[in-house]
DNA sequence: TTGCATTCCGTACCTGGGTACGGGTTTACC
DNA sequence: GGTAAACCCGTACCCAGGTACGGAATGCAA
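Protein chains in written order, with the UniProt record's numbering: chain A, 1 to 144; chain B, 1 to 144.
Below is the structure:
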């Protein structure tokens, strides 16, 4: 009996993360405490692997673990309460901002790829414009 | 004489970063070593402020300082060599991936905001789908 | 049931990205 | 020319996010 549930090693391998990371995420509240065998070994539901991929993806985008936790929490329960809706809206704004910034970077990179500066042979680019200047917002909002 | 150039305090304040951070970035190679006064005090060109904004923006997107340095280096010299072009292209791909992921998150958030689950009063959402599942890529490429 | 791989837990350690400290110069203003 | 504010440098510390360690207990297979 009780063959259901993946063990830590399996989950870790499938998700491509360290075993310790699972325990760490559990402590951090990103992973719910899984069921346990009689002897106390964890038995994870298979979706855990997907969840870990989600977490890692969100992290790559610059979300902190706390933010990821919040994001997941918001997403978990559909039909959010007013409070949750507000958080979702806030996250949405953040995400939009990130997308905007990324597009600016993207534009600069494409420009660079396209640029020939009139001629590769003659141009020493004495006064090349600031790279990514279109991205930099002088009125940067302070964190907090 | 030598009133040209901003001092560390000015740059730091305008860019909204700590003075120590300037020295740190200099050590890391993100900021070029600025000119110095006779007495050894740094005199920064005004574009430094913009550059710092760029760095901070890129960081918010999940780029490491090393990556930012690389990005800047790529962007600095227009009409890149073949090698530089390759790096720019690689970055471009990364950026596109990030944008794709962010759009997935964005979509989920909007869904959440739009969702009423038929009725807020009756739906207990017994089997709500995985949040952000569209973002998780099971074939996640291992780092390195 | 013996035995080896896994897992358990707590704690210590590591890297990245800064920030703070402290004692000594340099500037800038009166 | 005196003095406070700003700056210098090296070094030590801090937080986030993991990762490693090590000794005991469990799981599974022959």
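Cβ coordinates follow ideal geometry from the N, Cα and C atoms, glycine included.
- Determine the direct distance from the alpha carbon of residue 97 of chain A to that of residue 18 of chain A, and round the result to whole angstroms. Within the first chain, the letter at position 18 stands for residue 18 of chain A. Within the first chain, the letter at position 97 stands for residue 97 of chain A. Note on geometry: alpha-carbon atoms of residue 18 of chain A and residue 97 of chain A lie some 32 Å from one another.
- Since residue 44 of chain A contacts residue 6 of chain A with CB under 8 Å, what's their CB separation in whole angstroms? Translated into positions along the first chain, residue 44 of chain A becomes position 44. Translated into positions along the first chain, residue 6 of chain A becomes position 6. Between residue 6 of chain A and residue 44 of chain A the Cβ distance is about 5 Å, and since that is below 8 Å, they are a contact.
- Message: Counting only Cβ pairs nearer than 9 Å, list the residues of chain B close to residue 110 of chain A.
- Response: Taking the first chain and counting its residues from 1, one reaches residue 110 of chain A at position 110. Going along chain B in sequence order, the residues near residue 110 of chain A (Cβ under 9 Å) are 88, 92.
- Query: Looking at the C-beta of residue 62 of chain B, does it have a partner C-beta in chain A at a distance below 8 Å?
  - Reply: What you label residue 62 of chain B is simply residue 62 of the second chain in a count that begins at 1. With 8 Å as the cut-off, residue 62 of chain B counts as an interface residue toward chain A.
- Item | Under 9 Å by beta carbon: chain B residues contacting residue 113 of chain A | The residue given as residue 113 of chain A occupies position 113 in the first chain. For residue 113 of chain A, the residues of chain B that pass the 9 Å Cβ criterion are 80, 85, 88, 89, 92, in the order they occur in the chain.
- Message: Taking 8 Å as the threshold (beta carbon to beta carbon), is residue 21 of chain B in contact with chain A?
- Response: Taking the first residue of the second chain as position 1, residue 21 of chain B is located at position 21. Closer than 8 Å: no.
- Look at residue 48 of chain B and residue 11 of chain B and say whether their C-beta atoms are less than 8 Å apart. Position 48 of the second chain, counted from the start, is the residue given in the question as residue 48 of chain B. Position 11 of the second chain, counted from the start, is the residue given in the question as residue 11 of chain B. In this structure, residue 48 of chain B places its C-beta atom within 8 Å of the C-beta atom of residue 11 of chain B.
- Message: Could you check whether the Cβ of residue 8 of chain A sits closer than 8 Å to any Cβ belonging to chain B?
- Response: Here residue 8 of chain A corresponds to residue number 8 of the first chain, with the count starting at 1. No, its Cβ sits nowhere closer than 8 Å to a Cβ of chain B.
- Does any residue of chain A bring its CB to less than 8 Å from the CB of residue 75 of chain B? For the purposes of this step, residue 75 of chain B is taken as the residue at position 75 of the second chain. At least one chain A Cβ lies under 8 Å of residue 75 of chain B.
- Considering only C-alpha positions, which residue in the set B:36, B:40, B:29, B:41 is nearest to residue 51 of chain B? Taking the second chain and counting its residues from 1, the one referred to as residue 51 of chain B is at position 51. The shortest Cα separation from residue 51 of chain B among B:36, B:40, B:29, B:41 belongs to B:29.
- Message: Can you check whether the C-beta of residue 95 of chain A is within less than 8 Å of a C-beta belonging to chain B?
- Response: As a first step, residue 95 of chain A is located in the first chain; it is residue number 95 there, counting from the start. By this cut-off, residue 95 of chain A is an interface position.
- Task: Quick one: give me the first and last residue of the alpha helix (DSSP H) that residue 25 of chain A is part of.
- Result: If you number the first chain from 1, residue 25 of chain A lands on position 25. Residues 19-28.
- Cα-Cα separation between residue 27 of chain B and residue 85 of chain B, rounded to whole angstroms: Here residue 27 of chain B refers to the residue found at position 27 when the second chain is read from its first residue. Here residue 85 of chain B refers to the residue found at position 85 when the second chain is read from its first residue. For residue 27 of chain B and residue 85 of chain B, the distance between alpha carbons rounds to 26 Å.
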